[in-house]
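> One structure follows; several queries about it will come next.
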Amino acid sequence: MHNAPQICFTFVGEVTRDSRLRRFVELAATMAPTAILALSADGGPGHFAGAHTHIIPMKDKSLRTALPLFWRIDTQTDAFSSCRLWFAADLYSLPLAARAARRSGGVLLYDARELYSSIAALDDRKWTQRFWKLIEQRYAKKAKALFTVNASIADIYRERYEHVHVVRNVPDAVVTERTYTIEQHLGLKGDAFILLSQGGLQHGRGALLYVEALSQLTDCTLVFLGDGPMKGEIELAAEMHGVANRVHFLPAVPSAELLQWTASADIGLCMIENLGRSYYLSLPNKLFEYFAAGLPVIGSAFPEIGSVLKETGAGIAIDPGSMDDFVAAVRRIRDEEDLRVQLTARSRVAGERYQWEKESEVLHGVLQETAGRKQ
């Protein structure tokens, strides 16, 4: 088959909404025919980011039931028999990719997109955390190269594995002017001062603090852009604090469209809480997306987020548990026009600096070597 895939990415989740997967796949597809094999609750397109997609629907199965079936998929069928490079785009699909690489005599690559040994959501589920830690230890050592999202997490992985590379979650575009996508979609007034929290609605991302603070920030509007299990809890908190009319929810949008929504806000919020090493050392992609849209940022004074904010001067780093610090930071940016203009300008500079074309060079080199294609 002329266009038979030589590279296959494995993934668990919605492929169209994952910006990191999209950029990795797009780069690979410029070098060799590429496919995606994914387990997803919602199905997906037949073609994405230059690759043919094979979506395995979860249907009514739980993840606990669906994952073992996914790992045992026959990858020696015609659809995948030509694949010689298997790229696990997350831990949850790593057993499948490792098995496929072994059976085909191919190469395994692994994207450890977070510190999986310290996942905050599993902090009170020690046996589940231990299970995933053992899965990673068993299969990650088989990878020719391991990628992760920042230097702090890379240092931890280097204690156990070789060939660890940092590829941060930076965008592949910028928006140079403010948009009004959010205002138009929600019917907000043109002078609304929008605080934007982008990403999944999960514990440990500052949502409840934002809502409570809104009672002191009477001329601000809070917008959550993303989906997740905390939505009901956030809505209840907004009712309790009497701010429900100024708290809005928008569903997650395809990653290629995201910045047009981001650029409608006045401040980007990146208040990750210290729920464990994975969160404490995180460097969320939304931080760089805020820069790409020219937003001043309020973020956690943690090693990675705080370091980037200090380096760029594009925002204010604070204690993510301090209501007073958060309210004061919002008021400074809102009320001090010179500061707001300065932070916006620095954010735009940072947005131009943190771009995928430069960030992807390490990934390009590894793919070029392992795919056997020279540019």
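Sequential numbering from 893 applies to the sequence shown in this note's numbering.
All residues carry an ideal CB built from backbone N, CA and C; glycine is no exception.
Going by beta carbon distance, what residues of the same chain come within less than 6 Å of residue 1258, once the five residues before and after it are set aside?
Closer than 6 Å at the Cβ level, and outside the excluded window around residue 1258, lie 1037.
> If you follow the alpha helix (DSSP H) that residue 1183 is in, where does it begin and where does it stop?
Its alpha helix (DSSP H) spans residues 1177-1184.
> Might you give, ordered along the chain, the residues of its own chain that have their beta carbon closer than 8 Å to the beta carbon of residue 1046, omitting 5 neighbours on each side?
Excluding sequence neighbours, residue 1046 sits near 1040, 1056, 1057, 1058.
> To which residues of the same chain is residue 1120 closer than 6 Å at the C-beta, ignoring the five residues directly before and after it?
Closer than 6 Å at the Cβ level, and outside the excluded window around residue 1120, lie 1092, 1093, 1094.
> When you compare the CB positions of residue 1073 and residue 1153, do they come within less than 8 Å of one another, or not?
Yes. Within cutoff.
> With H, G and I counted as helix, E and B as strand and the rest as coil, what does DSSP make of residue 960?
Residue 960: helix per DSSP, three-state reduction.
> Residues in its own chain within less than 8 Å of residue 1103 by CB, not counting five upstream and five downstream?
The answer, listed in chain order, is 1114, 1126, 1129, 1130, 1133, 1135, 1139.
> Nearest CA to the CA of residue 1088: which residue from 1199, 978, 1189?
Considering only alpha carbons, the answer is 1189.
> Find the nearest neighbour of residue 1233 within the set 1206, 1248, 1244, judged by alpha-carbon distance.
Selected option, being the one with the closest Cα: 1206.
> Spell out a yes or no on whether the stretch 1140-1148 and the stretch 908-917 are touching, meaning 3 or more CB-CB pairs, one atom from each, closer than 8 Å.
Because the criterion of three Cβ pairs below 8 Å is met, the stretch 1140-1148 and the stretch 908-917 touch.
> List, from N- to C-terminal side, the beta strand (DSSP E) runs of 3 residues or more that fit wholly inside the stretch 897-927.
Listed in chain order, the complete beta strand (DSSP E) runs (minimum 3 residues) inside the stretch 897-927 are 899-904.
> In three-state DSSP terms, what is residue 1058?
In this structure, residue 1058 counts as strand in the three-state DSSP scheme.
> Can you tell me which of 1106, 1009, 1156 puts its alpha carbon nearest to the alpha carbon of residue 1215?
Nearest C-alpha to residue 1215: 1106.
> Can you tell me the Cα-Cα spacing of residue 952 and residue 933, whole angstroms?
Rounded to the nearest angstrom, the two C-alpha atoms are 8 Å apart.
> Going by CA-CA distance only, name the one from 1096, 1158, 944 that's closest to residue 895.
That would be 944, whose Cα lies nearest to the Cα of residue 895.
> Go ahead and pull the three-state DSSP assignment for residue 1087.
Looking at residue 1087 - three-state DSSP - the assignment turns out to be strand.
> For a test of the three-state rule: what should DSSP assign to residue 981, helix, strand or coil?
Three-state DSSP puts residue 981 in coil, outside helix and strand.
> Quick one: complete alpha helix (DSSP H) runs, 4+ long, within the stretch 1114-1166?
List check, alpha helix (DSSP H) in window: 1123-1132, 1150-1154.
> With a threshold of 16 other CB atoms inside 10 Å of the CB of residue 898, please say whether the residue is buried or exposed.
Residue 898 is buried by the Cβ-count criterion.
> Compute the distance between the beta-carbons of residue 994 and residue 963, then report whether it is under 8 Å.
It is not a contact, given that the beta carbons lie outside the stated cut-off.
> Who are the Cβ neighbours of residue 976 in its own chain at under 7 Å, not counting the five residues just before and after it?
Closer than 7 Å at the Cβ level, and outside the excluded window around residue 976, lie 898, 996, 998, 999.
> If you reduce the DSSP assignment to three classes, tell me which class residue 1248 lands in.
Here residue 1248 sits in helix by DSSP.
> Expressed to the nearest angstrom, what Euclidean distance is found between the alpha-carbon atoms of residue 930 and residue 1254?
Each residue's alpha carbon lies about 25 Å from the other.
> Suppose you measure from the CA of residue 1052 to the CA of residue 1032; what does that come to, to the nearest Å?
Roughly 10 Å separates the two Cα atoms.
> Measuring CA to CA, which of 1179, 1185, 1238 is closest to residue 1198?
It is 1179 whose Cα lies nearest to the Cα of residue 1198.
> Starting from residue 1173, trace the beta strand (DSSP E) both ways and give me its first and last residue.
Residue 1173 -> no beta strand (DSSP E), and no H or E assigned at all.
> Taking the alpha-carbon of residue 1262 as reference, which of 957, 979, 956 has the nearest alpha-carbon?
It is 979 whose Cα lies nearest to the Cα of residue 1262.
> Per DSSP, residue 949 forms a beta bridge with which residues?
932, per the DSSP bridge assignment.
> Tell me, please, which residues DSSP counts as bridged to residue 1189.
Looking at the DSSP assignment, residue 1189 forms a beta bridge with 1160, 1207.
> Looking at the structure shown, is residue 972 part of a helix, part of a strand, or coil, going by DSSP?
Three-state result, residue 972: coil.
> By the three-class DSSP mapping on this structure, what secondary structure does residue 986 have?
Three-state DSSP puts residue 986 in a helix.
> Apply the 10 Å Cβ neighbour rule to residue 973 and answer buried if 16 or more other Cβ atoms are within range, or exposed otherwise.
Classification for residue 973: exposed.
> Could you check what DSSP says for residue 853 in three-state terms: helix, strand or coil?
Residue 853 lies beyond the range of the chain shown here (893 to 1267); nothing can be said about it.
> I need the straight-line Cα distance from residue 1078 to residue 1085, nearest angstrom please.
Near 13 Å, if we compare the C-alpha coordinates of residue 1085 and residue 1078.
> Using 8 Å for Cβ pairs, my map puts residue 958 next to residue 946. What's the rounded Cβ distance?
With a Cβ gap of about 15 Å, residue 958 and residue 946 do not count as contacting.
> Once DSSP output is grouped into helix, strand and coil, what is the label at residue 999?
Note: residue 999 maps to strand in three-state DSSP.
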